[in-house]
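Peer 1:
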Amino acid sequence: MLSRRRAAVAPSADHIVNGQLSAFKPHHLPSLVTQIKVDEVAVLDMGSFPEQRPNSRKKSPAKLIIILCLNIGNDPPGFTRSETCARLECWTDPYVARMSHLPVTGGSNTIAETLKEQYVSQLGDVSVKKGVEVHLDEFKELLVKFCRKSENEWVLLHYNGHGMPCATELGEIWVFDKDKTHYVPFNIAEIADLVDSPTFYVLDCNSAGSIIEYWCTMGFNSSRPHDMFVAACSAGSFLPLNPLLPADVLTSCLTTPLKMALERYANFSHRKQLLPCVTAEMICAIPGSLGDMSSPLGELNSILIAVMESVAWCTFTPSQFHRLFRQDPTTSVLFRNFLLADRILREVGCVPVSLPSVPAEAHLHHAWDLWESTLEGVICQLPDLLTSDLVLNRNYAYKPSSFFTNQLMAFEVWIKSGNLSEEPEELPSALLALSQPSYQLPALVLLVHYLDSGVNAGKRAILCGILPRISKLLKQEKLFLIVSVLWMQVVRADVVWSTSEFTGSRLEKYFIKLLQLNEKTTELCTIDNEKFISSGVDGDLSGDCASWRLPGKEGCKARTDGFGARDTMHAYYSIDGVDIHRLKAMACYVLCQLLKYGDKEQSICLWDEGLLNAAFSLLESSSAEVRSWACLTLAQLLSSLSHAKKVVSQACTTHLDLLTYLLQDKSPVVRSSCVTLLATLVGSPANEQCIRRAQMEKSLLIKLRGFLHDASMNVREELVFFGCRVLFHYGGLLPCIRSSDISNRYMEYMHYVGQNSPEWSLDALMLFTLYQDLDTVKVTSALSSLGNNLPPHSQRVANEAIRSMSRVVSAYSSHVVSDADRARAARNADIMQQLVLDMQERKMEPPSALVGTRTRLASTNSSPSDIPTFDSSPAGPTKGMDRVGPLQPCIQHQVLPSLLSGDQVICATFRALDTTLVIGTKKQHIYNISYESYKKQEHINSFGVRLAAPLHDILVINDLAEQAGLLLVNRHGGYSLLRGPWDNSQVPPTEVAAFSACPLHKTVLIKSAYRSYNANLFYGGPIGEGGCTEIHVLSLDEEQVVQRLSVPGDPAITSLVAHTTGRALLAGCSDGTVLYYDDRQQQGSLGAVSTLQCRSSAMVERHTMWASPIDVGGAALTIATASPTSVCLYDSRKSTVPVVEVDVTTLSRTQGGCSLASAPVHISAFAAGVHTGMLGLFLSDGTYTALNMKGRPLLGEPIGVKNTKGPLFAEGFAVHPLRPALTLGGEVFLIH
């Protein structure tokens, strides 16, 4: 039977695009991924952040002194009332009240008692003393006796002087004499001396503003900054006498704000005219109670509070708002209600005054219009809601207001499209919505989104009063996971404020409970942020949203496994993108900060709640983030509590691997956190166990010496911390340190130990090794601090908090997709699609074959059809040596001269999709250059670098990401990863990782390659034990070597190239071979596939070999190899014999490079475009040329590099993997 060759199906363009995007897909690398927000390093412009922190102990009830001087029946001097004028005091007619009592002060007593009840309804539990129509001595005695027990707590002094003369410019109010026949002045300064406590003065009398003016004139506002005033009118003004208002408008607004707001609407609002069927009696008979938010009256009360707090939030600075409206419940209620008084009194021509003053625009804020429209929505229902007898109509279904729904929707819109650097107007309403069960869930989700914008948002939320509200919500079973997310955010924003509230509310048990949640029996009801908020707040929120109701009765359900055992499933609400591991990591972070900033009593509470066992159990977690934070939490617990350190140290003396097994963890974050934890075990107090513990610490030192060359910078930094802790605790036992007081005594001791290498000083040997390798600066800084008698300090918690707790969703989660990332991904897809289409349409052929080219096709079973090409031209290589055609013009191209005429290009690389070129020069300078115009090169940015040895190579890491990095290689085998090298700013890039391929500090020939889709860095050279040649595979994700490949015969590695989309790795060797490695088993490790020999007609010594894979969509991978004398192309399926071979001597003769008598030209460097098939050759005479995959030259003659200085370096020669372009010496060659 005749064998038939199956025709390969050409992949579609979309398939190629998706494959190449996947190949170049950026990887989440710990060193490059950071979540620092812009505002985390910016100055918070919201007024001075209050220095006073919240007091964790319970506040005492306010003390209230009521002084009534109504003098009923007598008008005060100079203030004659007309018949029809304002008379009501505390909504009581004083004349009617007086008629029911025989004593003269009977009516005043009734009003005083009513006022007391009104204050209690607003302030809650208050201690009250009343003085009715008092004379001066009674007033003084009342102040002295009552305020003596105040213990520096707030005192509220309410003075109603409607029957007294006007307050004077000398700061005097009036009372009676003993006989109550004359008026006697009483100076405010004397009152303040008698009270001698922070006092809130309510002055409801004529010309009350004179008292405040006098207070400020005398400088009492500086000497007694905590005292506050509200006055019913300004200096020289009289109280309004409008009969539609009560006589004590200020008092009524402070003590009965809703009733006063309803009166104002009924008598003054123009909106009332639109509802002729609603009477004033109906408005006064709105059913419900103030405390019942489900009733119309309670709902209006909560809305009025929200409106007044919104006005205050928008007109005061956040710090002023916190001082007046959040720091103390008494001042909060009174100043909030004063905003209503300010609005109503200004409408009748009276300007109230306060200290601190209320902004003049507060009474004009648009939130007041929102209040009136909301009030109108309730009042318009009164004709149906009430019967003719003004009682509740049970047959009518009341329609609740949509105020909070609208506020949450507006908050959502602002979060999505507003300026997050400003204060959101809806923040107070969103916080008030947390007190209503029907709005709690959407409000929590919105607050999580808002606080996720940065620490400034968290500070604003703290100042707006979020802490006490989320303290209460944490105790709710269904919501405590979402609330724990908010706690992480507020702790991140201000750890002192949040931990103070945390300690006062005793919330540690809830976070330890979170650590102990069983992942198998915990079910998270994940909330889709986008869908939930839009559907949740727009729908019926009378209960939990039906679409997001927790499964099972009471949030629990039973699960039966295969053996019939029943496990109770517990369901909780959670944020989209936040799993149980992320929640546990957040809880560890909160507890870690609580241990760090709390007192010893708090640490003992955490110990008693079982934090040690809870954190130890997390060390076995499948999440690297949880394991890391568990280590840090344990480290902080051992540092804060000596008893915990003693327990763990004793356990480690018999079981050393209790913690050290984490040193082998794949995650560099976990390894570094483990070293931090081990460092806290050092320096146990001396007791009967001290010898065993010292032996344990020595064993730790021996074990940690194996990690001195860890590729992770963070691990080595913590090793420095460990060594310094050993020196700090035991250095005093060494005579050379104990007898010296110079600041560099530890440095001298380290150098002495490093030069003499005594076995008894492992700590100094460890520090000396780190000092010699890559961490000179860190070791020097740490030992300098020790020399100044400062204990060593680790920044591990702070650095990890910045890295992993700057956003709600973990940095490793697939849900972390910013707008910039989305835009970048879309742009990458568009560019890749265009490149693929261009490659499919482009014919990588000159107009015709050039004269003299010797192209040989091996006489094997291979055929030209096996070689992938860009076109279907019938012309192709034939067997034997064939001369074809006369000399013709070369392919159309463009040469862009170098911009760096004054420096030598050491190394260069193209960026994959951006039309930019990265160049490193001999002067240790990095240039980012654009060739986007295809007419000339343009400088984008540049910066200098300081390396331990001259620059050797350069690689782009995570090329398609917004946070792409730059990896620099020096001639000592040192690697330095830079973050932010593309920013066109004055800020230099940051070194985020540094490691060495061979820590011997000698010049070595290192070849490197990077594969993006699995973040593997390949490097090879004499880096094995004893200088043997090896190829190492280092995972930049794990920051450690994951595989070592030995090279037979120990030749020098002359080139190293990794396939971008496949698994192939090609290594050129100095013995004339190319080693082909592949992961054909797809198990994550490379294995040798074959060894390729580059055959040439010219028998010369081959001391350099280059190789590159070529994959242009054919059936098989093509391998291009080059020696100094020839270029060969192999089919990866039959790699024993080349398919095409081109002799460089005949190539140079064909192209007119030299005559037979001249020096032979050889290849100095070779590279290939992996996805273009273009082969680039750098020739020994300083020229370069290009071939296609058929071995045909694309240029009529080689091109000489211009505008360069000095000799050309082979590392400065590169071919673009996706575009038909190459560079040499900074010059860019492009095929049209």
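In full-length UniProt numbering, the protein residues as written are 1 to 1232. Even for Gly, the Cβ is constructed at its ideal location relative to N, Cα and C. The model shown is predicted, which means the values in this text are computed figures rather than measured ones.
Would you kindly report the start and end of the unbroken beta strand (DSSP E) that includes Asn-714?
Peer 2: Counting along the chain, Asn-714 falls outside any beta strand (DSSP E), though it belongs to the alpha helix (DSSP H) covering 713-730.
Peer 1: On the DSSP bridge assignment, give the partners of Gly-1068 in chain order.
Peer 2: Ser-1055 and Val-1074.
Peer 1: In the DSSP assignment, find the alpha helix (DSSP H) that holds Tyr-749 and state where it starts and stops.
Peer 2: 745-756 is the extent of the alpha helix (DSSP H) around Tyr-749.
Peer 1: Expressed to the nearest angstrom, what Euclidean distance is found between the alpha-carbon atoms of Trp-371 and Asp-196?
Peer 2: Going by the C-alpha atoms only, they are around 39 Å apart.
Peer 1: Thinking C-beta only, is Gly-1020 closer than 8 Å to Ala-1067?
Peer 2: Yes, Cβ-Cβ distance for Ala-1067 and Gly-1020 is below 8 Å.
Peer 1: In this structure, how does DSSP classify Ile-379 when only helix, strand and coil are distinguished?
Peer 2: Residue state, collapsed to three classes: helix.
Peer 1: What does residue 1311 pair with, by DSSP beta-bridge criteria?
Peer 2: The requested residue 1311 is not part of the displayed model; the chain covers only 1 to 1232.
Peer 1: For the beta strand (DSSP E) containing residue 1274, list its first residue and its last residue.
Peer 2: The structure shown does not extend to residue 1274, since the chain spans only 1 to 1232, so no value can be given for it.
Peer 1: Would you report the Cα separation of Asp-763 and Gly-723, rounded to the nearest angstrom?
Peer 2: So the alpha carbons of these two residues sit roughly 5 Å apart.
Peer 1: Closest to Ile-831 by C-alpha separation, out of Ser-435, Arg-911, Asp-204 and Glu-425, would be which residue?
Peer 2: Comparing Cα positions, the closest option is Arg-911.
Peer 1: Using DSSP bridges, identify the partner residues of Leu-619.
Peer 2: Answer is none; Leu-619 lacks a bridge partner.
Peer 1: How is Met-839 classed by DSSP in three states: helix, strand or coil?
Peer 2: Helix, per DSSP.
Peer 1: May I have the straight-line CA-CA distance separating Tyr-159 from Pro-428, to the nearest angstrom?
Peer 2: Each residue's Cα considered, the two are about 31 Å apart.
Peer 1: Measure the C-alpha to C-alpha separation of Gln-963 and Gln-986 and round it to an integer number of angstroms.
Peer 2: Computed Cα separation, rounded: 18 Å.
Peer 1: In terms of residue numbering, what span does the alpha helix (DSSP H) encompassing Asp-342 cover?
Peer 2: Start and end: 329-347.
Peer 1: What residues are listed by DSSP as bridge partners for Trp-607?
Peer 2: Answer is none; Trp-607 lacks a bridge partner.
Peer 1: Quick check: what's the CA-CA separation for Ile-188 versus Pro-61?
Peer 2: Looking at the two C-alpha atoms, the distance is approximately 24 Å.
Peer 1: Suppose you measure from the CA of Ser-862 to the CA of Cys-1128; what does that come to, to the nearest Å?
Peer 2: Here Ser-862 scores only 42 on pLDDT, less than 50, and its place in the model should not be relied on; the value that follows carries that caveat. Rounded to whole angstroms, Ser-862 to Cys-1128 spans 14 Å at the Cα level.
Peer 1: Who are the Cβ neighbours of Ser-996 in its own chain at under 8 Å, not counting the five residues just before and after it?
Peer 2: Counting only Cβ-Cβ distances below 8 Å, and skipping sequence neighbours, we find His-709, Asp-773, Leu-774, His-972, Gly-973, Gly-974 and Tyr-975.
Peer 1: Which class does Arg-1011 belong to by DSSP, given the choice of helix, strand or coil?
Peer 2: DSSP places Arg-1011 in strand when its eight states are reduced to three.
Peer 1: Thinking just about the alpha-carbon of each residue, which of Pro-1138, Gly-1176, Pro-1124 and Ser-1132 is nearest to the one in Val-1161?
Peer 2: It is Pro-1124 whose Cα lies nearest to the Cα of Val-1161.
Peer 1: For chain D, is any of its Cβ atoms less than 8 Å away from the one on Val-353?
Peer 2: Protein chains in the displayed structure number just one, and chain D is not present.
Peer 1: Assign Thr-1136 to one of two classes, buried (16 or more other C-beta atoms within 10 Å of its C-beta) or exposed (fewer than that).
Peer 2: Per the 10 Å Cβ criterion, exposed.
Peer 1: Three-state secondary structure (DSSP) at Gly-552?
Peer 2: Only weak support is given to the placement of Gly-552: the predicted model assigns it a pLDDT of 43, under 50, and the value that follows is read from those uncertain coordinates. In the structure shown, Gly-552 sits in coil (DSSP, three-state: anything other than H, G, I, E or B).
Peer 1: Along the chain, where does the alpha helix (DSSP H) containing Asp-193 start, and where does it finish?
Peer 2: Residues 188-195.
Peer 1: Considering only residues of the same chain and omitting the five flanking positions on each side of Ser-639, which have a CB-CB separation below 6 Å?
Peer 2: Result list for Ser-639: Thr-680, in chain order.
Peer 1: Please state the DSSP three-state secondary structure of His-270.
Peer 2: Three-state result, His-270: helix.
Peer 1: Assuming Arg-81 is part of the alpha helix (DSSP H), what are its boundary residues?
Peer 2: Taken as a continuous stretch (DSSP letters only), Arg-81 belongs to no alpha helix (DSSP H), as it is neither H nor E.
Peer 1: Looking at Asn-958 and the ligand MG, is the gap between the Cβ and the nearest heavy atom below 7 Å?
Peer 2: Absent from the structure shown: the ligand MG. Ligands present: none.
Peer 1: Please determine, among Arg-460, Pro-243 and Val-483, the residue with the shortest C-alpha to C-alpha distance to Ser-421.
Peer 2: Ranking Arg-460, Pro-243 and Val-483 by Cα distance to Ser-421 puts Arg-460 first.
Peer 1: If contacts are defined as beta-carbon pairs under 8 Å, then Leu-920 and Ile-906 qualify, I think. What distance do you get, rounded to the angstrom?
Peer 2: Before going further, note that residue 920 is Gly rather than Leu in the sequence given. That belief holds up - the Cβ atoms of Gly-920 and Ile-906 are roughly 5 Å apart, short of 8 Å.
Peer 1: Between which two residues does the beta strand (DSSP E) carrying Ile-1119 extend?
Peer 2: Looking at the DSSP string, the run of the beta strand (DSSP E) that includes Ile-1119 is 1118-1122.
Peer 1: Identify the continuous beta strand (DSSP E) that holds Cys-907 and give its terminal residues.
Peer 2: Where Cys-907 is concerned, the enclosing beta strand (DSSP E) stretches over 905-910.
Peer 1: Among the candidates Pro-94, Ala-711, Gln-516 and Asn-206, whose CA atom is the shortest distance from the CA of Glu-1038?
Peer 2: When each option's Cα is compared against that of Glu-1038, the closest is Ala-711.
Peer 1: Starting from Cys-525, trace the beta strand (DSSP E) both ways and give me its first and last residue.
Peer 2: Per DSSP, Cys-525 belongs to the beta strand (DSSP E) from 522-527.
Peer 1: Sorted by chain position, which residues of the same chain lie with C-beta nearer than 8 Å to Thr-780's C-beta, five sequence neighbours on each side aside?
Peer 2: Met-747 and Tyr-771, listed in sequence order.
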